[in-house]
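Reading through the structure tokens given below for one structure.
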Amino acid sequence: MSQSSKFTQAAEAIAFDEKHRNTIRFNISRYDAAVAKGMARYRNVEKAKEMAAQIKRDVLANWDSYLLEFEKNITANGAEVLWAADTNEATDYLRQILTDNEARLLVKSKSMTTEEIELNHVAESMGCESVETDLGEFIVQVAGERPYHIVTPAMHKSKGDIAKLFNEKFNMPIDSTPEEMTEYVRQVLRKKYTSAEVGVTGANFLIADIGGISVTENEGNGLMTTAFPKVHIVIAGIEKLIPRMSQLGLFYPLLAAHGTGQQMTAYNTIFTGPRKANEVDGPEKMYVILLDNGRTDVFADAEGYESLACIRCGACLNACPVYKTIGGYTYDTTYSGPIGSVLTPFLRGFKDFSHLSFASTLCGKCVEVCPVRIPLTDILLANRRKTVEKGLRPSAEKMIMKGFGYVTSDRKKMDFVPGIIKNAATRPFNYMAWGPKREMPEFAKKSFSQQYKDKKQD
Ligand code: SF4
Numbered sequence: 001m002s003q004s005s006k007f008t009q010a011a012e013a014i015a016f017d018e019k020h021r022n023t024i025r026f027n028i029s030r031y032d033a034a035v036a037k038g039m040a041r042y043r044n045v046e047k048a049k050e051m052a053a054q055i056k057r058d059v060l061a062n063w064d065s066y067l068l069e070f071e072k073n074i075t076a077n078g079a080e081v082l083w084a085a086d087t088n089e090a091t092d093y094l095r096q097i098l099t100d101n102e103a104r105l106l107v108k109s110k111s112m113t114t115e116e117i118e119l120n121h122v123a124e125s126m127g128c129e130s131v132e133t134d135l136g137e138f139i140v141q142v143a144g145e146r147p148y149h150i151v152t153p154a155m156h157k158s159k160g161d162i163a164k165l166f167n168e169k170f171n172m173p174i175d176s177t178p179e180e181m182t183e184y185v186r187q188v189l190r191k192k193y194t195s196a197e198v199g200v201t202g203a204n205f206l207i208a209d210i211g212g213i214s215v216t217e218n219e220g221n222g223l224m225t226t227a228f229p230k231v232h233i234v235i236a237g238i239e240k241l242i243p244r245m246s247q248l249g250l251f252y253p254l255l256a257a258h259g260t261g262q263q264m265t266a267y268n269t270i271f272t273g274p275r276k277a278n279e280v281d282g283p284e285k286m287y288v289i290l291l292d293n294g295r296t297d298v299f300a301d302a303e304g305y306e307s308l309a310c311i312r313c314g315a316c317l318n319a320c321p322v323y324k325t326i327g328g329y330t331y332d333t334t335y336s337g338p339i340g341s342v343l344t345p346f347l348r349g350f351k352d353f354s355h356l357s358f359a360s361t362l363c364g365k366c367v368e369v370c371p372v373r374i375p376l377t378d379i380l381l382a383n384r385r386k387t388v389e390k391g392l393r394p395s396a397e398k399m400i401m402k403g404f405g406y407v408t409s410d411r412k413k414m415d416f417v418p419g420i421i422k423n424a425a426t427r428p429f430n431y432m433a434w435g436p437k438r439e440m441p442e443f444a445k446k447s448f449s450q451q452y453k454d455k456k457q458d
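In structure tokens, the structure reads:
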């Protein structure tokens with residue numbers, strides 16, 4: 001079955017799943033309330049967004065020099081930078097590092113880039129246990145699932161769902177409270193942190209001027225992941241750059257306010273290399289795998305390149321009426337929601353994933369909430385145009401659109417066919433286009449001009 005058909009089938013099923021809807025509605029309503037408070041803390045949030053957008057535009061205009069500056073500075077601090085053109089190269093590096101360091105256990109903080117290369121599977125295939133340490137990621141890993149959302153991986157689960165899962169997997173009481181479950185996970189993870197050979201993180205920002213990796217998180221698990229293991233591996237997309245450390249003063253609150261509604265995320269750490277000779281703790285070795293994996297293809301696109309400014313705050317997902325209806329798993333991609341629909345055709349091919357760019361109402365809410373002002377709806381439209389130009393839409397659709405264009409271009413042609421025939425002709429599409437649970441509005445029996453004439457004669 002094609003990705004597009006899988007998407008349509010999954011969307012149709014989940015859109016009418018009331019339990020899923022209620023869970024998402026509840027969790028996003030909490031997010032909305034927190035974000036409203038977060039925004040209220042700003043004197044001028046639009047100005048902050050404009051400044052952030054300009055910095056990211058500058059990064060894209062001088063991408064090569066900032067990347068080299070970052071590499072030079074972090075290498076001088078003792079880290080090894082490894083350039084990975086794609087998933088294969090990144091996982092080859094990973095395998096080599098795990099082998100060289102005889103890794104049997106790896107702890108990992110939340111990172112969508114590691115999801116992109118399916119790091120957990122790669123490590124497990126080498127006999128190295130890979131443990132997620134972010135609570136949400138831990139929950140989806142235990143459930144055998146992928147992250148549902150780029151910021152809140154277990155957003156689709158209620159506390160009852162998680163208690164049931166922990167009852168099945170860890171024999172905890174079915175009525176366990178969130179505090180009891182969190183305490184249990186904490187105890188499990190403490191042992192993992194102190195016995196893992198390798199800790200893996202992503203990077204929220206790659207800071208060029210100091211050669212630093214900024215990781216921002218709420219649970220302290222990122223710190224623990226890097227404090228005990230002797231090896232720290234960072235896996236980061238090459239677009240995560242900011243030029244100067246001082247700009248974190250702008251990006252930290254902006255990311256926190258849009259991601260969770262916080263003023264600041266609880267733990268903000270900057271890693272600048274492995275342990276120095278005069279230091280008593282921290283990893284002995286640090287590797288930074290810089291992943292392209294299609295990002296330079298995005299950059300080469302005249303419209304799509306702006307999506308590389310994304311700071312993965314997740315705001316566009318939470319604002320999107322389509323995401324809220326079909327949920328994260330329907331996309332079947334690492335990045336879901338509006339930013340996923342924009343990026344995935346570039347990262348994984350228009351042939352299989354261009355349908356995502358059509359899965360949008362173009363309401364513009366995503367653009368409104370984006371902290372770095374990415375013109376998501378413009379890029380979605382451009383992706384649609386490219387899909388048609390590449391001849392990737394079904395030929396039946398082309399014919400239908402041609403016929404539709406011919407008929408609707410002229411009022412007389414539109415009125416020529418009576419409503420009763422129009423209804424009969426469009427009925428088959430009712431099911432195809434609208435799904436089995438909705439009724440397409442009917443054409444009036446008489447055209448508007450006919451009704452108008454009749455009224456005048458009365
Ligand atoms: S596109 Fe904008 S709103 Fe969406 S995740 Fe990226 S930064 Fe956040």
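Using the numbering used here, the first residue of the sequence shown is number 1, and each one after it goes up by one. C-beta atoms are modelled at their ideal positions from N, C-alpha and C, and glycine is treated no differently.
Simplified DSSP state of residue i, which is helix, strand or coil
i           : result
residue 232 : strand
residue 237 : strand
residue 419 : helix
residue 333 : coil
residue 277 : coil
residue 214 : strand
residue 242 : strand
residue 201 : strand
residue 156 : coil
residue 29  : helix
residue 21  : helix
residue 372 : coil
residue 56  : helix
residue 141 : helix
residue 366 : helix
residue 352 : helix
Continuous beta strand (DSSP E) stretch holding residue i: start and end
i           : result
residue 286 : 285-291
residue 108 : 105-108
residue 460 : The first residue shown for the chain is 1 and the last is 458, placing residue 460 beyond what the model contains.
residue 207 : 205-207
residue 82  : 80-84
Proximity of residue i and residue j at Cβ, strictly below 7 Å
i           : j           : result
residue 344 : residue 364 : no
residue 273 : residue 79  : yes
residue 320 : residue 370 : no
residue 70  : residue 206 : yes
residue 197 : residue 53  : no
residue 265 : residue 201 : no
residue 77  : residue 134 : no
residue 113 : residue 235 : yes
residue 108 : residue 132 : yes
residue 315 : residue 258 : yes
residue 231 : residue 283 : yes
residue 3   : residue 297 : no
residue 337 : residue 362 : no
residue 359 : residue 388 : no
residue 223 : residue 269 : yes
Contact belief for residue i with residue j at Cβ below 8 Å, rounded distance in angstroms
i           : j           : result
residue 94  : residue 122 : 6 Å
residue 208 : residue 66  : 4 Å
residue 49  : residue 373 : 6 Å
residue 142 : residue 165 : 6 Å
residue 311 : residue 251 : 7 Å
Delimiting residues of the alpha helix (DSSP H) encompassing residue i
i           : result
residue 271 : Looking at the DSSP string, residue 271 is not in any alpha helix (DSSP H); the run it does join, the beta strand (DSSP E), is 267-271.
residue 13  : 3-15
residue 453 : 448-457
residue 404 : 395-408
residue 44  : First-last for residue 44: undefined, no H or E at that position.
residue 195 : 178-195
residue 126 : Looking at the DSSP string, residue 126 is not in any alpha helix (DSSP H), and its letter there is neither H nor E.
residue 97  : 87-100
residue 316 : 315-319
residue 223 : 221-227
residue 72  : 63-76
residue 298 : 295-300
residue 253 : 248-259
C-alpha distance - residue i paired with residue j, whole-angstrom precision
i           : j           : result
residue 73  : residue 38  : 34 Å
residue 90  : residue 421 : 59 Å
residue 306 : residue 383 : 13 Å
residue 293 : residue 15  : 32 Å
residue 110 : residue 145 : 14 Å
residue 88  : residue 428 : 45 Å
residue 23  : residue 32  : 14 Å
residue 179 : residue 309 : 37 Å
residue 324 : residue 152 : 14 Å
residue 407 : residue 415 : 9 Å
residue 237 : residue 42  : 29 Å
residue 244 : residue 47  : 19 Å
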